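Have a look at the structure below, then the notes.
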Amino acid sequence: MRFQKVYIEITNICGLACSFCPTKTLPSKIMPLSFFKKIVPQISHFTKEIALHVMGDPLTLSNLQAYLDIALKHHLLVNITTSGFHLKNHANLFHPSLKQINISLNSFNKNTTKMSFEEYMQTIFKLYEERVNEEIFINLRLWNLDENNTEESYNKEVFEALEAYFNIKITPDGKTFRLAKKVLLHFDNYFEWPSLQSEHFSHGFCHGLSSQIAILCDGRVVPCCLDADGIMSLGDLHVNSLKEILHSKKAQDIINGFKEKKAVEELCQKCSFKERFHE
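The working numbering puts the first residue of the sequence shown at 933, with every later residue one more than the last.
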């Protein structure tokens, strides 16, 4: 069993309250570095790539470099997803383990902040200028599209700032636009976080437990990165090994269900994100 990516939530703290994210129900927590060091060797048997994100922002951690050092020791490529608000706290973010940095641009106008839009964008441009290794991807995400174009004004402001800096005309055609070498602007729709209270119901295929799994900061393993509350917990890495958890009956039932395009778990049935895999 191999995964394209394993999500590891080294913290569920982001320091923001974006309107498009669900209200956090679990206590604020940081995965101890000692526990991260313990589980990474297990994870390295199942993937070559990890993403340090489920709900929190890894850039809120002052000792992020120590986590990256452990990943590098075990030959794991790292993805970081951030709101961009904490970039200024990391003078030299780039690390040999890094493969990709994702910045959620739609975080800025969904928060009350003292930072101006110009200051926010300047921290992103500075990141680009500090990128010595051009093999590291910088992905700028605008995942705020909807049928009513409610974010048209903000997106126009973002476009103008990017066009002026990169001296390029942005002409969106599809979901990705190249700004510079390995600097991409991604577009996508808002998505609804799965909830047991949702009225949505469907079966179908999902990449959970086939292409990805997630490990929450409390050590629980879940089928995918959208189960931030651990509703479908498959087991706890404080108690069992990752191999044991992935071969449990619950995990195997989910895997076999998706092979038949059947959502076994209630949260999966109420998740509309899997509809994207039918497009």
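Note that beta-carbon positions come from the ideal geometry of N, C-alpha and C, so glycine has one too. Fair warning: this is a prediction, and the values are worked out from it, not measured in the lab.
Asked                                                                                                         : Found
Supposed contact pair residue 986 and residue 941 - C-beta distance, whole angstroms, cut 8 angstroms         : 4 angstroms
Pairwise C-alpha distance: residue 1138 and residue 1192                                                      : 11 angstroms
Cβ-Cβ distance between residue 971 and residue 943 below 9 angstroms                                          : no
Three-way DSSP call (helix, strand, coil) for residue 1122 in this model                                      : coil
DSSP state of residue 1014 mapped onto helix, strand, coil                                                    : strand
Segment contact, 8 angstroms Cβ cut-off, at least three pairs: the region 1097-1117 with the region 1154-1171 : no
Inter-residue Cα distance where the pair is residue 973 and residue 1095                                      : 43 angstroms
Residue 983 versus residue 1176 - alpha carbon distance                                                       : 22 angstroms
Cβ-based burial, residue 1007 [other Cβ within 10 Å; buried from 16]                                          : exposed
Inter-residue CB distance, residue 1190 and residue 1123 (contact presumed, cutoff 8 angstroms)               : About 19 angstroms; that fails the 8 angstroms criterion.
Segments of 3+ residues assigned as beta strand (DSSP E) that fall wholly inside the region 1028-1104         : 1030-1036, 1069-1077
Cβ contact (3+ pairs, closer than 8 angstroms) linking the region 1010-1030 and the region 987-994            : yes
For residue 1109, the first and last residue of its enclosing alpha helix (DSSP H)                            : No alpha helix (DSSP H) contains residue 1109, which is instead part of the beta strand (DSSP E) from 1108-1112.
Chain B within 9 angstroms of residue 966, Cβ atoms only                                                      : Given the protein chain composition of this structure (a single chain), no chain B is represented.
Residues sharing a beta bridge with residue 1168, DSSP                                                        : 1152
Bridge partner(s) assigned by DSSP for residue 981                                                            : 1009
Proximity of residue 1064 and residue 1032 at Cβ, strictly below 9 angstroms                                  : no
Rounded distance between the beta-carbons of residue 1112 and residue 1053, thought under 8 angstroms         : Not really, about 15 angstroms apart at Cβ, beyond 8 angstroms.
Coarse secondary structure for residue 1189, derived from DSSP in three states                                : helix
Paired residues, beta bridge with residue 943 - DSSP                                                          : 962
Residue from 1120, 1118, 1199, 1072 whose Cα sits closest to the Cα of residue 1161                           : 1199
Of the listed residues 1169, 1114, 934, nearest to residue 1071 (C-alpha basis)                               : 1114
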